[in-house]
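The numbering of the sequence shown is the working numbering, which starts it at 237 and goes up by one. Glycine is no exception: its CB is placed at the ideal position from the N, C-alpha and C atoms. No experiment lies behind these values; they were computed from the predicted model shown. To start, the structure under review is shown below, and the notes come after it.
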Amino acid sequence: MTQSSDAIDKRQAALAYHQFPKPGKLSVDSSKPCATVADLTLAYSPGVAEPVREIAKDPENAYRYTNKGNLVAVISDGTAILGLGNLGPLASKPVMEGKAVLFKRFAGIDVYDLEVDAKSTEHFIETVVAIAPTFGGINLEDIAAPHCFEIEKALSARLDIPVFHDDQHGTAVIICAGLLNALAVQGKTLARAKLVCLGAGAAGLASMELLIAMGMPRSNILMVDSKGVIHADRSDLNAYKQPFAQTTEKRSLSDAMSGADVFVGVSGANLVTPEMLQSMAAKPIVFALANPDPEIRPELAHAARADLIMATGRSDYPNQVNNVLGFPFIFRGALDARAKRITQPMLIAAVKALADLAREPVPQVVLDAYQLSQLSFGKDYILPKPFDPRLIERIPPAVAAAVGGA
């Protein structure tokens, strides 16, 4: 199949964006003057010796005299790059640079991107532990399941700075916020809704665990992986899938979808059919989040069910589930509060702040940014827009206030 001219144009535009006027998307700029001999003696020898001595006396002084308190490492091994799979650490660098750009643009946080050629999970963990003193926080990115769970758990236990795997916790926060609002619009509740999750990797498992923490009964969730429904009779389940094994006669995705209130897809393109949507309960909620092509295209979904709420991971449809709504602001709150870890109460605080913001009147600056005449809470607006200036005002304080929660 030949590419369309539009696809070729977009590809060339993306490559040109990354190459010109100089390669890459990041640079390092000095935050202090260095124009005179006097500046130089302060920036380096002999002036630099003074903060060195102070930090040696008390490591907390690193937050006073260096950029540690506003510096996050975005780290990947390249085993799960976007929707592209395991292409290795070097190929992940454009994505990690992009993440850095978003941290800076939306929350004023500086980032070094690190692509680690790790020979094992243990090698990766030890590498991150070794370089951690440089940073105020660690953002893990594009690391495949199930070893991403082991990595995040081990680093959170060993380090005294927040560790966050965006593909797990960031995605979970946005999904939960959107789902809270979609349920409200459809007149449903977390406590009673029946949910099907297609995809049992990092995003799916973390999202379901966060929903459970917020009040959804585990028994109301059917998870589906590449082999079908995760049920109690399966003997091939890892430790992370086992808690979701249900006693049920349902075996296929089609079986699971029948009568469900909610579908959450974090899997692959075109795996859901219109017939599956037609078998769902009244006023269904469909989060088809595979990128770039969702589990079912919105056009097909709306044709199948006029009463649904639809969300995707794409910016060219309403209700984009976009992680940029979460990670910059969660880290801003964690850094500002000098948090030592990311806790479940911090994530829930972010969920509630996001959901509440979408229910408020939309300011004109947001309408102008998206060239809209109006926008209000409802079927086509269940999450704030990424360029909403209120995000930085609401989410970080909510996260910071939750620091210390178990």
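Is DSSP giving Cys433 helix, strand or coil here?
The sequence position of residue 433 within the sequence shown is 197, counting from 1. Strand at Cys433.
When the Cα of Ser312 is compared with those of Asp275, Ile379, Arg300, which residue comes out closest?
Translated into positions along the sequence shown, residue 312 becomes position 76. For Ser312, the nearest C-alpha among the options comes from Ile379.
May I have the straight-line CA-CA distance separating Asp403 from Arg394, to the nearest angstrom?
Residue 403 sits at position 167 when you count from the first residue of the sequence shown. Residue 394 sits at position 158 when you count from the first residue of the sequence shown. So the alpha carbons of these two residues sit roughly 21 angstroms apart.
Tell me the rounded alpha-carbon separation between Leu262 and His467.
Residue 262 sits at position 26 when you count from the first residue of the sequence shown. Residue 467 sits at position 231 when you count from the first residue of the sequence shown. Looking at the two C-alpha atoms, the distance is approximately 46 angstroms.
At which residues does the alpha helix (DSSP H) containing Met493 begin and terminate?
The residue labelled residue 493 in the question sits at position 257 within the sequence shown. From DSSP, the alpha helix (DSSP H) with Met493 extends over 489-493.
Hey, would you say Asp334 sits closer than 9 angstroms to Asn322, going by beta carbons?
Position 98 of the sequence shown, counted from the first residue, corresponds to residue 334. Position 86 of the sequence shown, counted from the first residue, corresponds to residue 322. Note that residue 334 is Gly in the sequence shown, not Asp. Cβ distance not < 9 angstroms, so Gly334 and Asn322 don't count as in contact.
Hey, would you say Ala413 sits closer than 9 angstroms to Leu561, going by beta carbons?
Taking the first residue of the sequence shown as position 1, residue 413 is located at position 177. Taking the first residue of the sequence shown as position 1, residue 561 is located at position 325. Yes, the pair counts as a contact, with Cβ atoms nearer than the cut-off.
For Ala591 and Ala481, what's the separation of their Cα atoms in angstroms?
Residue numbering aside, residue 591 sits at position 355 when the sequence shown is read from its first letter. Residue numbering aside, residue 481 sits at position 245 when the sequence shown is read from its first letter. One C-alpha to the other measures close to 29 angstroms.
In three-state terms, what does DSSP make of Ser312?
Against the sequence shown, residue 312 aligns to sequence position 76. Note: Ser312 maps to strand in three-state DSSP.
Hey, is the stretch 505-517 in contact with the stretch 572-580, meaning 3+ C-beta pairs nearer than 8 angstroms?
In short, these stretches do not touch, since the Cβ pair count stays below three.
In the DSSP assignment, find the beta strand (DSSP E) that holds His401 and state where it starts and stops.
Residue mapping note: residue 401 aligns to position 165 of the sequence shown, counting from 1. Where His401 is concerned, the enclosing beta strand (DSSP E) stretches over 399-401.
Should Gly645 be labelled buried (16 or more other beta-carbon atoms within 10 Å of its own) or exposed?
The chain is shown from 237 up to 642; residue 645 falls before or after that span and cannot be answered.
Quick one: Cα of Pro597 to Cα of Ala586, how far?
Position 361 of the sequence shown, counted from the first residue, corresponds to residue 597. Position 350 of the sequence shown, counted from the first residue, corresponds to residue 586. Approximately 19 angstroms between the Cα atoms of the pair.
If you draw a straight line from the alpha carbon of Gln685 to that of Ala449, how long is it in whole angstroms?
Outside the shown range of the chain (237 to 642) lies residue 685, about which nothing can therefore be said.
Take the Cβ of Thr579 as the centre, count every other Cβ of all protein chains shown within 10 Å, and call the residue buried at 16 or more, exposed below.
Position 343 of the sequence shown, counted from the first residue, corresponds to residue 579. The residue is buried, with at least 16 neighbouring Cβ atoms inside 10 Å.
If Pro382 and Val352 are in contact, beta carbons under 8 angstroms, what's the gap, nearest whole angstrom?
The sequence position of residue 382 within the sequence shown is 146, counting from 1. The sequence position of residue 352 within the sequence shown is 116, counting from 1. Incorrect: roughly 18 angstroms between the Cβ atoms, too far for contact.
Checking 9 angstroms against the spacing of the C-beta atoms, do Val639 and Pro625 come in under that value?
Locating residue 639 in the sequence shown gives position 403, counting from the first residue. Locating residue 625 in the sequence shown gives position 389, counting from the first residue. Contact flag unset, no.
In whole angstroms, give me the CA-to-CA distance for Ala636 and Gly372.
Looking up residue 636 in the sequence shown gives position 400. Looking up residue 372 in the sequence shown gives position 136. Cα to Cα, Ala636 sits roughly 15 angstroms from Gly372.
Counting pairs of Cβ atoms below 8 angstroms between the stretch 291-305 and the stretch 354-361, do you hit three or more?
Result no; under three Cβ-Cβ pairs closer than 8 angstroms.
If you compare alpha carbons, which of Lys340, Arg630, Ala420 is closest to Val498?
Start at 1 with the first residue of the sequence shown, and residue 498 comes out as number 262. Measuring from the Cα of Val498, the nearest candidate turns out to be Ala420.
Ignoring anything shorter than 4 residues, give me the alpha helix (DSSP H) runs that lie fully in the stretch 340-391, in order along the chain.
Here the runs fully enclosed are 357-367.
So, at 6 angstroms on beta carbons, what are the nonlocal neighbours of Ala408 in its own chain, with the 5 sequence-adjacent residues on each side left out?
Here residue 408 corresponds to residue number 172 of the sequence shown, with the count starting at 1. Ala442, Ser443, Leu446.
What number of angstroms, rounded off, separates the C-alpha of Ser609 from the C-alpha of Ala249?
For the purposes of this step, residue 609 is taken as the residue at position 373 of the sequence shown. For the purposes of this step, residue 249 is taken as the residue at position 13 of the sequence shown. If I take the Cα positions, the gap works out to 29 angstroms.
Under 9 angstroms between the Cβ atoms of Ala316 and Gly437?
On the sequence shown, position 80 is the one that residue 316 refers to. On the sequence shown, position 201 is the one that residue 437 refers to. Yes, Cβ-Cβ distance for Ala316 and Gly437 is below 9 angstroms.
Which value, in whole angstroms, describes the spacing of the CA atoms of Asn375 and Arg341?
On the sequence shown, residue 375 is found 139 positions in, with the first residue counted as 1. On the sequence shown, residue 341 is found 105 positions in, with the first residue counted as 1. Roughly 16 angstroms between the two C-alpha positions.
Helix, strand or coil: how does DSSP classify Tyr299 here?
In the sequence shown, the residue the question calls residue 299 occupies position 63. Tyr299 falls in the helix class under three-state DSSP.
Hey, how far is the Cα of Asp396 from the Cα of Ala542?
One-based indexing of the sequence shown puts residue 396 at position 160. One-based indexing of the sequence shown puts residue 542 at position 306. Roughly 50 angstroms separates the two Cα atoms.
In whole angstroms, what is the alpha-carbon distance linking Arg644 and Leu507?
No answer is possible for residue 644: it lies beyond the span of the chain, which begins at 237 and ends at 642.
Cα separation between Asp552 and Lys463?
Walking along the sequence shown from the start, residue 552 turns up at place 316. Walking along the sequence shown from the start, residue 463 turns up at place 227. Roughly 31 angstroms separates the two Cα atoms.
Applying the 10 Å Cβ sphere with the 16-neighbour rule, what's the burial state of Tyr476?
As a working mapping, residue 476 is identified with position 240 in the sequence shown. Tyr476 should be labelled buried.
So, using beta-carbon positions, are Phe567 and Ile345 closer together than 9 angstroms?
Locating residue 567 in the sequence shown gives position 331, where the first residue counts as 1. Locating residue 345 in the sequence shown gives position 109, where the first residue counts as 1. For Phe567 and Ile345, yes; Cβs fall inside 9 angstroms.
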